[in-house]
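Quick notes on the structure that follows.
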Amino acid sequence: MAPVKKLSDPVRIGSVQTRNRICIPPMVLYGHAGEDGTVTDAHVEHYRALAEGGAGLIIQEATCVAPGGRLRQDQLGAWSEDQVPGLRRIVEAVHGAGCPIFLQIQHNRVEDLEAMRLGEIEGLRDAFIDAGIRAFRAGYDGVELHGCHSYLLCQFLNRRTNRRKDRYAGGLLLVQEIYDGIRAGTSMDFVIGIRLGAFEPALSDGIAHAKALEAMGLQFLDISYGFAGEMDLTAPGDPKLSPAIRGAAAIQKTVGIPVFAVEGIRTRADAENVLTTGVEITDVGRSALVDPNWPEKVLRGEPAGACMGCRTCQWRIDPARCPGRIRLRNKEEKQ
Ligand SMILES: Cc1cc2nc3c(=O)[nH]c(=O)nc-3n(C[C@H](O)[C@H](O)[C@H](O)COP(=O)(O)O)c2cc1C
Ligand code: SF4
């Protein structure tokens, strides 16, 4: 029988050693970025607090590779040299608290994938490569390609949306070219991984992608959803766990690189339950927004603040309106 994985265990991802199995996944904070997608003090303090809260690894929010690929005007960017010093401030704050940090690099979805000219695709490929190299120069320990949630790389990887007949059919070659370009411009120590949909559109596609990406050289797979609605509710595993977690567990069984699982982890028991599926790392998203000290408290066996599961996460627009954070503050004030 495989040994039981403990939340407090370190994990090796390429050259990086985490201090435990809790990763804060990427979560955009609109309204924080300065003009032209630059880092502000608010970002630096946000990530410093998450690192001081004991996370094993932080993956910084979706940071755009080209100004035209932003989800909103106030999203962070890594498309210009001018953005590197700000990004470096986040890295220094997080490293100062003893935590490694990867940068998620992203481009929004395009209207019509089939109409894209080869030159346009090559331009976006190069934008991903340049952003990855900027992340390296800013001091990040690695990058995560945003390959899920219906954005550009997800559109390429999904056989329902990618019906191209050229070399970018299937989408894997595009990821390979981005991987090779970033690797050539950085070092062997720089970690390169991807956030991938478990169902793209079916679990069998997610598994096939995972195996191909591992063979390509990617060093971790952070598993979420591809397109909304494409999830197999009958995916193997405990039905009390979300399909994304069950998908991640099925994928971990087929690859040797670390797989991260995400969704709805609020308590220590939730996180430990995720590790029993065999995945190497558990992502804790919104509960860490509510309580940045979630990892530290949970590892000490203390109760921590937790996400209350609002329909629309207020953190995207106004963290002050997060009911989970308000409840936690009220509780702390009473103590
Ligand atoms: C405010 C907010 C922003 C998010 N931004 C991103 C993002 O930038 N990139 C990404 O891959 N996922 C993003 N997500 C998805 C989270 O990384 C995570 O997968 C999701 O919240 C489920 O995990 P949780 O239940 O632990 O919160 C975001 C989620 C929230 C709530
Ligand atoms: S706003 Fe709601 S969904 Fe978002 S972290 Fe707070 S409690 Fe959770």
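Just add 221 to wherever you are in the sequence shown, counting from 1, and you've got the numbering used here.
Think of the CB as a built atom: it goes at the ideal place given N, C-alpha and C, for glycine as much as any other residue.
Rounded to whole angstroms, Gly-298 and Val-260 show a C-alpha spacing of 9 Å. Not one heavy atom of ligand 2 falls within 6 Å of the beta-carbon of Gly-274. Residue state for Gly-275 is assigned as coil, using DSSP reduced to three classes. For Asp-262, the closest of Glu-313, Leu-292, Val-237 by C-alpha to C-alpha distance is Glu-313. A residue is called buried once 16 or more other Cβ atoms fall within 10 Å of its Cβ, and Arg-233, having fewer, is exposed. In this structure, the beta-carbon distance from Arg-381 to Pro-422 falls below 7 Å.
Membership of Phe-349 in any beta strand (DSSP E) is not indicated; the residue belongs instead to the alpha helix (DSSP H) covering 339-359. The shortest C-alpha to C-alpha distance from Pro-479 to any of Pro-464, Glu-493, Val-500, Asp-459 is the one to Val-500. In terms of side-chain proximity, the C-beta atom of Leu-510 is found nearer than 6 Å to a non-hydrogen atom of ligand 2. Rounded to the nearest angstrom, the gap between the Cα atoms of Pro-544 and Arg-404 is 42 Å. Assigned with DSSP and collapsed to three states, Ser-408 falls in coil, not helix or strand.
Non-local C-beta neighbours of Pro-246 in its own chain, meaning closer than 6 Å and more than five positions away in sequence, comprise Ile-280, Val-483, Asp-504, Gly-506, ordered along the chain.
Residue range 373-378 is occupied by the alpha helix (DSSP H) that includes Leu-378.
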